[in-house]
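Chains as they are written, first to last, in the numbering used here: chain A, 44 to 263; chain B, 44 to 263; chain C, 44 to 263; chain D, 44 to 263; chain E, 44 to 263; chain F, 44 to 263. From the three backbone atoms N, C-alpha and C, an ideal C-beta is built for every residue, glycine too. In this text, all values refer to a predicted model and were calculated from it rather than measured experimentally. Below: one structure, written as structure tokens.
6 protein chains.
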Amino acid sequence: MFLQIENFLTPAEVQTLTELAQQTKFIDGRRSNPHNTAKSNLIADPNEPASQQASQLALAAFHRSQEARNFVFPQRVAVPALTSYRTGMHYGAHIDSAFLPMGQPPLRSDVSCTIFVSDPASYQGGELVSYFGTEEVRIKGKAGDAVFYPSTTVHQVAPVISGERLVVITFIESQIPDQQQRHLLYTLNEVRALEGLKMDWRNLTQMDYAIANLHRMWAR
Amino acid sequence: MFLQIENFLTPAEVQTLTELAQQTKFIDGRRSNPHNTAKSNLIADPNEPASQQASQLALAAFHRSQEARNFVFPQRVAVPALTSYRTGMHYGAHIDSAFLPMGQPPLRSDVSCTIFVSDPASYQGGELVSYFGTEEVRIKGKAGDAVFYPSTTVHQVAPVISGERLVVITFIESQIPDQQQRHLLYTLNEVRALEGLKMDWRNLTQMDYAIANLHRMWAR
Amino acid sequence: MFLQIENFLTPAEVQTLTELAQQTKFIDGRRSNPHNTAKSNLIADPNEPASQQASQLALAAFHRSQEARNFVFPQRVAVPALTSYRTGMHYGAHIDSAFLPMGQPPLRSDVSCTIFVSDPASYQGGELVSYFGTEEVRIKGKAGDAVFYPSTTVHQVAPVISGERLVVITFIESQIPDQQQRHLLYTLNEVRALEGLKMDWRNLTQMDYAIANLHRMWAR
Amino acid sequence: MFLQIENFLTPAEVQTLTELAQQTKFIDGRRSNPHNTAKSNLIADPNEPASQQASQLALAAFHRSQEARNFVFPQRVAVPALTSYRTGMHYGAHIDSAFLPMGQPPLRSDVSCTIFVSDPASYQGGELVSYFGTEEVRIKGKAGDAVFYPSTTVHQVAPVISGERLVVITFIESQIPDQQQRHLLYTLNEVRALEGLKMDWRNLTQMDYAIANLHRMWAR
Amino acid sequence: MFLQIENFLTPAEVQTLTELAQQTKFIDGRRSNPHNTAKSNLIADPNEPASQQASQLALAAFHRSQEARNFVFPQRVAVPALTSYRTGMHYGAHIDSAFLPMGQPPLRSDVSCTIFVSDPASYQGGELVSYFGTEEVRIKGKAGDAVFYPSTTVHQVAPVISGERLVVITFIESQIPDQQQRHLLYTLNEVRALEGLKMDWRNLTQMDYAIANLHRMWAR
Amino acid sequence: MFLQIENFLTPAEVQTLTELAQQTKFIDGRRSNPHNTAKSNLIADPNEPASQQASQLALAAFHRSQEARNFVFPQRVAVPALTSYRTGMHYGAHIDSAFLPMGQPPLRSDVSCTIFVSDPASYQGGELVSYFGTEEVRIKGKAGDAVFYPSTTVHQVAPVISGERLVVITFIESQIPDQQQRHLLYTLNEVRALEGLKMDWRNLTQMDYAIANLHRMWAR
């Protein structure tokens, strides 16, 4: 399931990330997947202060977003990485690693996140494409938008034809690893939030009973 | 979980069962559990027409009760049996068999059902007692009441001190064998039935999405 | 997951279905969901011989399609229904019922199927739209194409602006009810079919070991 | 499942808790559930030394009770809280939160615990009532008794008609979150403890084989 | 897990099978797995009366063996097939099919069974070899013995160096498909059968409680 | 499943362990299982520097072995213990504890490991025997070999008839506790490693999709 959030970043934050991208050094993105020949992008050098500042900014935006947290039930969040696809770059069809070597135990990537920094009018191509068998979902967000999507699908970043696609990417380990269970619980929580005040208190108590016990049952 | 339904049988049906009990022959209830020395009761001989009529009456009552069907998600129902505990009889602490040799494959007993026929004032003792560790639930219904309870608990019928305790008992294989899952789905269905008409249609669609997919997930 | 199959029906079969639709009587589609006010379509009267002939034709097409069977692991297939959306008709956002009252036990709908009969150029609107949170997949197949999609998503048929959208719809109970498990097994079977002959026989035996045991583990 | 333990606290400990309750400050119990209008009780201010001393006393009692530990398979225990229901106070029907914000990750409440401090003759009302559908279990322990019960049921504290109900409450995350699995393993461990020495060593080894592997299978 | 049963067949039955094997026609065993080049054996033509008689004899032996039934929890049994490995024949490393096209739905093979008919001294080679990673279990039973083993392991029949290896093979769908769960329940049932009479009745009731509920939980 | 690795230790390491065994003090192995009367062996006193050096050597060998790590998906490894079975000693049939009190939370033993230090020609008896129902696997490795086997089986160390059996033993908590799931994922990883380079990249991506999602699904 997908959650696209408009204005996940403020215009000022987009501006800051754009400037940090100009100050930092970018290195070959294949560093983390040297065997993936389909990968051609650049990531901000994690040792550079400007890169670290960009990561902190993105992380803070995630932690303040109730909407995002309700959707992903976050347990751990990988350090977000400023990532650049310049003209001709792309990331061919791939599946995100199940476990990332970040801390101990390694972080399981359940939900992937892309935060769009570039204005979509400033580059051609570069859509995020997720495959569902013979059908696909294509996403190209506005500057400041974020999209959360399941790490379990094969997806690609289409080749950038012109311009630069600057994004921040991160991976989240969820308290509820199974994506169908996670979305069912999210859905019931949303119904409760939107309809709960109208309900008879006895029915609301029963709704809470169901939600709390599904949460216990499915959290790993 | 328990569901006690008042007036599950009409007064006329209670009267009919009482009369059928007088017409039929009763045999030793240990027939189906000869090794259970704690069992001391009588069941109506299943070969007698009056016994069969009693079974049909109870089965029809079950099939017409929307309340009961919503609670148990019935898949198969064992032939109900008219059962008598006369003075001094009882059924000591036991667990209901997991599978009953009724048809092929054998019927899994998920939910047990007792329909009370005798007036509770006409006999002393004879309570149905379910054990939950150190605590217990004791039930002695009015004539015509029924109680549905999980087959998974150790329970007993307390000794009858005086009078006769006439009941009909049966066992139900549920579409949802796990009792916690069954009760969660029942609960969400009840909330939907009682609150659905007040909901915004978008939220109601989301509620239906959650309910239908839990039903798919848990039905065996 | 989605599987769109081109030319699932031959042009002659499309022609036959078009003619059968002209011969049969159509009745209000709400018959099976009277409470769904968002439903506005017509289904061929199942008592009419022409309707039954259409159902048989669609069923035969399914049974001959190795591609479809590999994808859905069919256990039971509902009687396909010729369905018409005339100008102004639609089927608002809904979730397919978890269980259909077809036979005993009821048929669990795991995979839904739409077979397109009308030429897509002959009607405006009428797309099948599946929702994945904030994103969607829209499908409008060519005459003779079929699409198989999970019954577990909220979806709609967009309003038909002009013309008539004639389709056949059906629902399939899969041997593997969980959609993620079903797609993983399908994927490994595909890899084995396409790469098996190149493999060392020892590795192929190991691949078969994994596939056979996942199949045992997940079939319900 | 329930476990009521008599004399969980010694008379001296009951006396100490009674005195600590007199020394500490109590604050509104709604602090942790401000939205629950049905909650009306007082908890000892966790910043007060006397409150902390009460918590430590209760925690130590838990850790020394083999009986309690065998029953709950504790993984983490929440800080116990001295809680007071004065005349007119109650805690209406509710479900305990699935996760408590105590430490990182949050503590999942699988088993709830009430330790009775007041003499039951000193207050009217104030029973702990757990609901199992239409039936209920009512508990009012002696001073020094403790009861452990599943956090998964809707329950209430009945209004206190007169006097003061002083208790200590806590919540335990179990190594075995599913309550049915936890109780089955507890049961087999008890049978082994009570009957093991009589068994042929070959059968005892087989019993241990089953118990150890169920423990591996169900611990999360 | 393995169960080898000595004298599963009587000497007279072994004699009868030997004679039936002489009367019937054998056909290429690859019939059921034409793609398996590693398979080289002969099976009795299922259309021949002598073959059918052999199958019935083996089936009857299975149904009368309490020991076998306790071990496999049989739900459906495939028609047993008289099978011959003559000098030079073998069945290379393979995994048994997950589902056999016997009846509707297809039969899931959970447990495989070999009944030895030939005197092991009359042929060289021909051991049944099951692989557990780098280790193996080798079995060559006496005439009349049977072995039940999990269908989930890669196994082979070693080449017959001289003589003829005559066996009957069959496949069983178990009520409890998972092999670890099946063996745990079998183990607890055995302990109960061997130690139950020595137990205090309260502990025996608790043991029955655990066994009945594991049976409900794991039967599919 | 078993994995026997030849030359897990170098000859120099075997020599070092042999010398450390001569320098350190051995204590009664029953220390960790005082109730197990069938246990008769000696373990190196964990407080002795020579014992600790032996543990470190074994641990380092484990961490450098890609083969072992691929097989066990290690999450935590218990401190390896130098263990000696002198003439007449043995460890009767037993099941390894499900949880070892090493750190917090306790370590779940999923995979057991024996590293052979003595030359097998130097002692009689002392085989490691794992039971699979009526069949068994017997292992007596060469000096420097290691064997990894499921902690879930009943096993024994046969009595040492003459000489000394010096081994190092340890226990591993796996990321994938279920042994069948662990072996299926290991198998698919092996096939991918051995055949991946030959595959069309599209099929390899699909294989990776299946492997990554099984890893997410099964890791606890």
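Alpha-carbon spacing of residue i relative to residue j, whole angstroms
i                      : j                      : result
residue 311 of chain D : residue 49 of chain B  : What the structure shows of chain D is the stretch from 44 to 263, and residue 311 of chain D is not part of that stretch, so it cannot be assessed.
residue 121 of chain D : residue 89 of chain D  : 13 Å
residue 203 of chain A : residue 148 of chain A : 36 Å
residue 174 of chain E : residue 262 of chain E : 27 Å
residue 180 of chain B : residue 178 of chain D : 7 Å
residue 128 of chain F : residue 56 of chain F  : 20 Å
residue 54 of chain F  : residue 60 of chain F  : 10 Å
residue 185 of chain E : residue 217 of chain F : 40 Å
residue 141 of chain E : residue 255 of chain C : 5 Å
residue 252 of chain A : residue 232 of chain A : 12 Å
residue 91 of chain F  : residue 123 of chain F : 14 Å
residue 62 of chain B  : residue 234 of chain B : 41 Å
residue 116 of chain D : residue 106 of chain D : 11 Å
residue 104 of chain E : residue 86 of chain E  : 20 Å
residue 194 of chain B : residue 110 of chain C : 44 Å
residue 150 of chain A : residue 80 of chain C  : 46 Å
First and last residue of the uninterrupted beta strand (DSSP E) at residue i
i                      : result
residue 127 of chain F : 124-128
residue 209 of chain F : 208-217
residue 163 of chain A : Counting along the chain, residue 163 of chain A falls outside any beta strand (DSSP E), and DSSP gives it neither H nor E.
residue 70 of chain D  : 69-71
residue 117 of chain B : 117-120
residue 277 of chain E : Absent from the structure is residue 277 of chain E, since the part of chain E shown begins at 44 and ends at 263.
residue 86 of chain C  : 85-87
residue 10 of chain F  : Because residue 10 of chain F is not part of the residues shown, which for chain F are 44 to 263, the question remains open.
residue 193 of chain F : 189-193
residue 147 of chain C : Per DSSP, residue 147 of chain C belongs to no beta strand (DSSP E) and is neither H nor E.
residue 204 of chain D : 203-205
The alpha helix (DSSP H) enclosing residue i, as first and last residue numbers
i                      : result
residue 223 of chain B : 222-238
residue 105 of chain B : 92-107
residue 257 of chain C : 244-261
residue 57 of chain B  : 54-66
Residue burial classification, residue i (beta-carbon count within 10 angstroms, cutoff 16)
i                      : result
residue 144 of chain B : exposed
residue 71 of chain F  : exposed
residue 169 of chain C : buried
residue 223 of chain D : buried
residue 99 of chain F  : exposed
residue 66 of chain E  : exposed
residue 82 of chain F  : buried
residue 213 of chain F : buried
ask   = Using Cβ-Cβ distances below 7 Å, what residues of the stretch 221-248 of chain A are close to chain D?
value = Against chain D - using a Cβ distance shorter than 7 Å - the residues of the stretch 221-248 of chain A are 248.
request  = Check distances from the C-beta atoms of the stretch 172-202 of chain A to those of chain F and list, in chain order, the residues that come in under 7 Å.
outcome  = Cβ contacts with chain F come from 195, 197.
inquiry  = Could you check whether the stretch 154-164 of chain E touches the stretch 239-254 of chain E, counting it as contact only if at least three pairs of C-beta atoms, one from each stretch, sit closer than 8 Å?
reply    = No, the stretch 154-164 of chain E is not in contact with the stretch 239-254 of chain E.
query = Going along the chain, which residues of the stretch 135-159 of chain E sit with their C-beta nearer than 9 Å to a C-beta in chain C?
reply = So the list reads 135, 136, 137, 138, 139, 140, 141, 142, 148, 149, 151, 152, 153, given in the order they occur along the chain.
query = Mind listing which residues of the stretch 249-262 of chain E have their C-beta closer than 7 Å to chain B's C-betas, in chain order?
reply = Those would be 251, 252, 255, 256, 258, 259, 262, in chain order.
key: Contact the stretch 247-262 of chain E vs the stretch 221-229 of chain E: 3+ CB pairs below 8 Å   = Yes: at least three Cβ pairs fall under 8 Å.
ask   = Hey, is the stretch 130-144 of chain B in contact with the stretch 191-202 of chain B, meaning 3+ C-beta pairs nearer than 8 Å?
value = Contact between the stretch 130-144 of chain B and the stretch 191-202 of chain B is present, because at least three Cβ pairs lie under 8 Å.
ask   = According to a CB-to-CB cut-off of less than 9 Å, which residues of the stretch 47-60 of chain B neighbour chain D?
value = Residues passing the 9 Å Cβ filter: 47, 48.
Near-chain D residues of the stretch 99-127 of chain A (beta-carbon distance less than 7 Å), N- to C-terminal order = Listed by position, the residues of the stretch 99-127 of chain A near chain D (Cβ gap below 7 Å) are 118.
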